[in-house]
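Residue numbers for the sequence shown follow this note's numbering, so the first one is 23 and each next one is one higher. Quick reminder that beta carbons are idealized off the backbone N, C-alpha and C, glycines included.
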Amino acid sequence: MTDPQHTDYPEEPQDFEVIESERDRGGNRHRGVYLLPNLITTAALFAGFYAILAAMNGMFVHAAVAIIVAGILDGMDGGIARLTNTQSRFGAEYDSLSDCVAFGVAPGLVAYAWALSELGNFGRAAAFLYVACAALRLARFNVQAASSDKRFFTGLPSPSGAGLVATMVWLGASRGVDGTEIGIIVALLTAAAGLLMVSSIRYHSFKEFRIGKVPFRVLLGAIVAFAIVFLDPPLVLLSVALAYVASGPLLWALRLRRVRAKRGN
């Protein structure tokens with residue numbers, strides 16, 4: 023007979039209290055999570071969830087806009103956590119899980135519902151390839167050692183890949199285009215975005231830009247950019263997404279050309 027008080031199984035927590043704690047100035051230990059950044063992450067997760075529901079009901083414009091909103095919220099939670107000094111291991115893990123839904127599962131399902139469902143196994147393969155690559159991209163980012171060069175990402179960031187798919191669906195659905203008529207194009211772009219996420223191609227992170235005092239012309243440029251976006255949001259944002267996605271391979275090709283030119287000399 024074995025002692026029931028001693029087993030090889032880990033002890034289960036007695037409540038739903040998050041096992042993440044810190045000490046205050048008096049040395050007292052407090053458990054819990056930081057509210058504000060995790061609420062924003064939850065909002066991004068809900069936006070991804072809503073995008074899936076909207077696509078299931080044929081509301082593709084709503085679905086695409088929800089993914090864009092999730093991208094905006096994803097950019098906010100990390101910045102707010104740093105500004106308020108509320109970074110945590112729990113927040114990082116929660117953010118990654120939220121990203122997998124909002125920028126992995128949701129764009130793949132939205133693209134499939136809008137354009138890929140009539141392609142049979144090819145359409146299902148393209149959608150799954152995107153979802154799987156997004157999950158692999160996030161897993162690799164979590165376990166990768168921090169790069170010394172913060173200016174670049176290795177592989178296309180998952181929010182940018184999701185932005186490409188979402189703006190493509192947004193533009194087509196807002197123009198009344200039947201996605202199944204251009205299913206092959208959508209499948210190729212969706213699969214390409216997925217493969218770029220797990221590639222070793224570097225993308226500019228723009229992390230060297232900080233919010234603070236800036237020259238007046240920078241503020242003016244931001245206002246002009248907002249005005250341009252409002253002229254035709256889906257078209258302008260799709261153009262921006264395509265330019266950013268293409269920038270990685272183009273810069274890689276230019277670097278490769280320079281390296282070969284130096285070796286030739």
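Note down the Cα distance separating residue i from residue j, rounded to an integer number of angstroms.
i, j, result
"A66", "G205", "28 Å"
"G185", "R111", "26 Å"
"L292", "V246", "Any question about residue 292 goes unanswered here, given that the chain covers just 23 to 287."
"F238", "G100", "26 Å"
"M98", "L264", "23 Å"
"M78", "R282", "50 Å"
"R277", "P179", "20 Å"
"A197", "N107", "The sequence shown places Arg at residue 197, rather than the Ala named in the question. Approximately 44 Å, taken between the alpha carbons."
Roughly how far, in whole angstroms, is the beta-carbon of residue i from the beta-carbon of residue j, given that I think they are within contact range, below 8 Å?
i, j, result
"G177", "F125", "Wrong, their Cβ atoms sit about 13 Å apart, outside the cutoff."
"G130", "Y152", "5 Å"
"A69", "V83", "Not really, about 14 Å apart at Cβ, beyond 8 Å."
"D121", "L61", "Not a contact, Cβ separation roughly 16 Å."
Ends of the beta strand (DSSP E) at residue i?
i, result
"R224", "R224 to H226"
"F248", "That residue, F248, is in no beta strand (DSSP E); its alpha helix (DSSP H) goes F238 to L253."
"T176", "F174 to T176"
Could you tell me the boundaries of the alpha helix (DSSP H) in which residue i lies?
i, result
"F112", "R111 to C122"
"F82", "F82 to L105"
"F163", "N143 to V165"
"T189", "S180 to S196"
"F71", "L57 to M78"
"T108", "Where T108 is concerned, there is no enclosing alpha helix (DSSP H), given that its DSSP letter is neither H nor E."
"V132", "A128 to A133"
Spatial neighbours of residue i within its chain, please: C-beta separation below 7 Å, excluding the five flanking residues on both sides.
i, result
"A137", "G201, T202, I204, G205 and V208"
"V123", "L67, G70 and F71"
"G145", "Y134, L138, S139, G205 and A209"
"V262", "none"
I'd like the list of long-range same chain contacts for residue i, defined as Cβ closer than 6 Å, with 5 residues on each side in sequence excluded.
i, result
"D96", "A66 and P181"
"L57", "none"
"G142", "none"
"A268", "none"
"A135", "A77"
"L259", "T189"
Q: Please confirm if the region 213-220 is in contact with the region 149-158, defined as three or more CB-CB distances below 8 Å between the two stretches.
A: yes
Q | Cβ contact (3+ pairs, closer than 8 Å) linking the region 242-256 and the region 189-204 | A | Output reads yes: the region 189-204 touches the region 242-256.
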